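Residue numbers (our numbering): 228 to 627.
One structure is given below, encoded as structure tokens.
Here it is, written out as structure tokens:
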């Protein structure tokens, strides 16, 4: 079994290299320098600072602490940040395929389901390969990989490794500080609700304190150009926007559909009695709810933020839905068609309107209506397919 898994890891590396190369060849990158508000410009400032091109650190809030990927890119030879970021992010995109394969196997998910999930993950327009092709100067690709590593280390109670890793991943993206808070909450729940002492609260608390200290140190040595802002203010702002603008909730729901397509329909079944036993599955579901909550509080680009939680959300969908083989295939076909993997993404610097219409959270009202109709039509197709499969399975077989 282990030898077969090793073979799949090799296949996934080859597959990842092929997908990364194809999208790099055929997907023109965003000409981010034409738009001064593009996040890529801020990452280039970090890159230039560590390259020694600039002496002052003038980076916008929210990006100013995300140092690791720009530093890795600056270490590579050459003076083209686009290529350096693309190579670093391609490495993490491929590693994320291996990590997701490992995590899904550890939850004893059907191997065909795993491979189809990875295929969907790699071809989605906000996924690691297409986004790395159109917007190579970013830090999201490493998030998928380290999300899996964080969960695996937590499940295996490898606290000392988490302690070493925490400052590094927090300097990749601040979502990992939020995950440490979730781990602490899980530990407290396990201790006082389930009477389970297997999770060390002192260890997790110590790692969280180190994570907060890392954030403080990063803010001191690499401050933003707007030091008055902080993450709590940003989250409060987006919460207020969600409350004051009812269409934001609709756009978030449609973004959830845009991120996971027909797979979402797998969890729509007759209600069953829920089990709250303190198992790894419940930890995973709590993380899923956490990353979905963070997608609401983190900004208006809901589809991308939701999809960043793919390793947790996809496994939760499969574990909760417990789909049959044909049912999963139907969901996959619907989902993979929604990715439009064969199309070239429009350059946002050339036409922001065309690019926005790919995502329901920022599309115009005509395309938002189209998203609603697509979601409803996809649901009907899924239900019809599931009914047909159930009917054929229940029909008496005629003797030959």
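Built from N, CA and C at the ideal position, the CB exists for glycine as well.
If you're wondering where the values come from, they're calculated on a predicted model, not measured in any experiment.
From residue i to residue j, what distance separates their C-alpha atoms?
| i | j | result |
| --- | --- | --- |
| residue 364 | residue 312 | 5 Å |
| residue 340 | residue 555 | 7 Å |
| residue 410 | residue 517 | 11 Å |
| residue 496 | residue 344 | 20 Å |
| residue 352 | residue 422 | 44 Å |
| residue 615 | residue 608 | 10 Å |
| residue 241 | residue 254 | 20 Å |
| residue 523 | residue 462 | 9 Å |
| residue 276 | residue 263 | 18 Å |
| residue 256 | residue 266 | 14 Å |
| residue 618 | residue 412 | 45 Å |
| residue 386 | residue 405 | 17 Å |
| residue 336 | residue 569 | 28 Å |
| residue 544 | residue 512 | 9 Å |
| residue 447 | residue 433 | 21 Å |
| residue 407 | residue 431 | 7 Å |
| residue 529 | residue 479 | 6 Å |
| residue 507 | residue 541 | 15 Å |
| residue 393 | residue 597 | 42 Å |
| residue 577 | residue 460 | 32 Å |
| residue 252 | residue 346 | 19 Å |
| residue 599 | residue 589 | 14 Å |
| residue 602 | residue 391 | 43 Å |
| residue 289 | residue 419 | 35 Å |
| residue 611 | residue 302 | 54 Å |
Give the C-beta separation of residue i and residue j to the nearest angstrom, bearing in mind that I take them to be a contact with Cβ-Cβ under 8 Å.
| i | j | result |
| --- | --- | --- |
| residue 587 | residue 509 | About 30 Å; that fails the 8 Å criterion. |
| residue 325 | residue 349 | At roughly 12 Å, the Cβ-Cβ gap does not stay under 8 Å, so residue 325 and residue 349 are not in contact. |
| residue 395 | residue 271 | No, residue 395 and residue 271 are not in contact; Cβ-Cβ is about 22 Å, not under 8 Å. |
| residue 488 | residue 425 | Between residue 425 and residue 488 the Cβ distance is about 36 Å, and since that is not below 8 Å, they are no contact. |
| residue 559 | residue 486 | About 15 Å separates the two Cβ atoms, so there is no contact after all. |
| residue 378 | residue 389 | In fact, because the Cβ distance is near 11 Å, the residues do not count as touching under 8 Å. |
| residue 293 | residue 451 | At roughly 11 Å, the Cβ-Cβ gap does not stay under 8 Å, so residue 293 and residue 451 are not in contact. |
| residue 356 | residue 250 | 5 Å |
| residue 519 | residue 525 | With 8 Å as the limit, residue 519 and residue 525 do not qualify as a contact, their Cβ atoms being about 11 Å apart. |
Exposed or buried, what is residue i when buried is set at 16 or more other beta-carbons lying within 10 Å of its beta-carbon?
| i | result |
| --- | --- |
| residue 246 | buried |
| residue 466 | exposed |
| residue 261 | exposed |
| residue 239 | buried |
| residue 372 | buried |
| residue 384 | exposed |
| residue 359 | buried |
| residue 441 | buried |
| residue 604 | exposed |
| residue 248 | exposed |
| residue 443 | exposed |
| residue 269 | buried |
| residue 319 | buried |
| residue 627 | Because the pLDDT of residue 627 is 43, which lies under 50, any placement of that residue in the model is unreliable, and the number read from its coordinates should be weighed accordingly. By the neighbour-count rule (16 or more Cβ atoms within 10 Å), residue 627 is not buried but exposed. |
| residue 565 | buried |
| residue 174 | It is not possible to answer for residue 174, since the shown part of the chain is limited to 228 through 627. |
| residue 308 | buried |
| residue 369 | buried |
Are residue i and residue j touching if we call contact CB-CB under 8 Å?
| i | j | result |
| --- | --- | --- |
| residue 491 | residue 483 | yes |
| residue 584 | residue 591 | yes |
| residue 538 | residue 327 | yes |
| residue 515 | residue 536 | yes |
| residue 637 | residue 449 | Residue 637 cannot be examined here, being either before or after the span of the chain that is shown, 228 to 627. |
| residue 321 | residue 438 | no |
| residue 297 | residue 274 | yes |
| residue 299 | residue 315 | yes |
| residue 366 | residue 400 | yes |
| residue 414 | residue 402 | no |
| residue 398 | residue 471 | no |
| residue 469 | residue 477 | no |
| residue 546 | residue 334 | yes |
TODO: Could I get the ranges of all uninterrupted alpha helix (DSSP H) runs contained in the segment 299 to 371, with 4 residues as the minimum, in chain order?
DONE: 308 to 333, 338 to 350 and 355 to 361
Task: Length at least 4, wholly inside the segment 357 to 441: the alpha helix (DSSP H) runs in chain order - done: 368 to 382, 386 to 397 and 402 to 419
Open item on the list: Could you tell me which whole alpha helix (DSSP H) segments of length 4 or greater appear in the segment 548 to 607?
Closed with: 552 to 565 and 579 to 583
- [ ] Counting only runs of 4+ residues fully inside the segment 441 to 497, write out the alpha helix (DSSP H) ranges in chain order.
- [x] Here the runs fully enclosed are 458 to 471 and 473 to 487.
TODO: List in chain order: all unbroken alpha helix (DSSP H) runs of 4+ residues lying wholly within the segment 500 to 549.
DONE: 507 to 524, 529 to 534 and 537 to 548
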